[in-house]
Amino acid sequence: MVKRFFFFTALAAIATLAHAATMEDEVRAVFDKYIAIQNAHDLKSMRGLLADSPDLLWISRGKPIWGREAALKSLEERYRGTWRIEVDRKELRIISVSRRVAQVYAPTQLTVGDPGVDPSKTRLYINLVMVKKPEGWQIVSILPILVPPQ
């Protein structure tokens, strides 16, 4: 009886670890896609990654942008100039909040500039919250934190 208990306990622990690794891999793949889409300035593909909700939140330039359509409109304006994100992959972290919710922490360098203007580089900690929906993982919030110059 005791052996059977330990066997099933070990089996449950292995299944939990396998699920966590799978979840982390799925979220990391969606985040990688998010960065590639951002750098390609691909609004059509970005639409599929952002949750279709008025509660989607993106803090940009210190102001909240609510909803997928407003976020896409803002990105469309920014994509006219320089907009490139480089992620420090060795510091990237995926945090499992629940089976269907994950947070991504990504130290990044954002290179931005209006058309015809020399771009500037800014260090940010990007924090994304993703939710697993029937159609896959989607972004529900984007909260960048400016890293002060050191």
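Using the working numbering, the first residue of the sequence shown is number 33, and each one after it goes up by one. C-beta: ideal position from N, C-alpha, C; glycine also.
Glu123: not part of any beta strand (DSSP E); DSSP gives it neither H nor E. Under a 10 Å Cβ-count criterion, Gln182 is classified as exposed, with fewer than 16 other Cβ atoms of the shown protein chains found around its own Cβ.
Taken through DSSP and simplified to helix, strand or coil, Leu88 comes out as coil. With respect to the 8 Å criterion, Ala134 and Leu124 are not classified as neighbours on the basis of their beta carbons.
Using a Cβ-Cβ distance cut-off of 8 Å, the segment 142-158 and the segment 103-113 are in contact, since at least three pairs of beta carbons, one from each stretch, lie closer than that value. Secondary structure note for Arg155: its beta strand (DSSP E) is the uninterrupted segment Ser152 to Lys165. Rounded to the nearest whole angstrom, the C-alpha separation of Val129 and Lys153 is 31 Å.
The way I'd put it, the segment 158-175 does touch the segment 88-96; three or more beta-carbon pairs between them come closer than 8 Å. Put simply, the backbone Cα of Glu56 is about 19 Å away from that of Ala83. In the displayed model, Val149 falls within coil according to three-state DSSP, outside both helix and strand.
Taking the CA atoms as reference points, Ala61 sits about 11 Å from Thr54.
Distance from the CA of Asn159 to the CA of Ile177, rounded to the nearest whole angstrom, comes to 8 Å. Per DSSP, Leu175 is one residue of the beta strand (DSSP E) stretching across Gly168 to Leu178.
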